[in-house]
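In our numbering, the protein residues as written are 12 to 141.
Below is the structure:
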């Protein structure tokens, strides 16, 4: 259904370094830098047919995080959910919500972790046992 997700950042280089560390937990290797004709910088991470893009806002206003927005990354195990969180925190992110772990939800049991990136975007690691 989705082609890509793009989030704004106020410091493209710091955000790129943060996501290189975090996304390496999921097996994403490397990134691709891009500068638009207008001079705005972007960074693209590609993995398993998915694309996460970081961008300087093209309206030249400050990047802000959306209230109610969460970007969820699919993890392959409960351990990877925790590792994603721990790497993000070590890279300068901040933890939010409950500690990483098992939650009983209306969708069944899921392993979740939540953190905010350097620009305040809410990120989730999620694993659904089969």
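Glycine residues also receive a C-beta, built at the ideal position from the N, C-alpha and C atoms. None of these values were measured; they are calculated from a predicted model.
Residue 111 and residue 124 do touch by the CB rule: their CB atoms are close to 3 Å apart, below 8 Å.
The C-beta distance from residue 138 to residue 88 rounds to 6 Å, short enough to fall under 8 Å. Your pair residue 25 and residue 129 checks out as a contact, with CB atoms roughly 6 Å apart and the cut at 8 Å. Beyond the five residues adjoining it in sequence on each side, residue 39 comes within less than 6 Å, by CB distance, of 56, 58 in the same chain, given in chain order.
Comparing alpha carbon positions, the residue from 100, 48, 62, 83 closest to residue 32 is 100. Residue 127 holds the alpha-carbon nearest to the alpha-carbon of residue 79 among 29, 119, 127, 92. Excluding five sequence positions before and after residue 85, the CB atoms of its chain that fall closer than 7 Å to its own CB belong to 137, given in chain order. Taking every protein chain shown into account, the CB of residue 50 has fewer than 16 other CB atoms within 10 angstroms, so this residue is exposed. If you check the CB distance, residue 75 and residue 119 do not come in under 9 Å.
Residue 99 carries a helical assignment under DSSP once its states are collapsed to helix, strand and coil. A Cβ-Cβ contact shorter than 9 Å links residue 64 with residue 18.
For residue 58, the beta-bridge partners assigned by DSSP are 61. Between residue 15 and residue 61, the C-beta spacing is below 9 Å.
Pairing residue 35 with residue 92 gives a Cβ-Cβ distance that is not under 9 Å.
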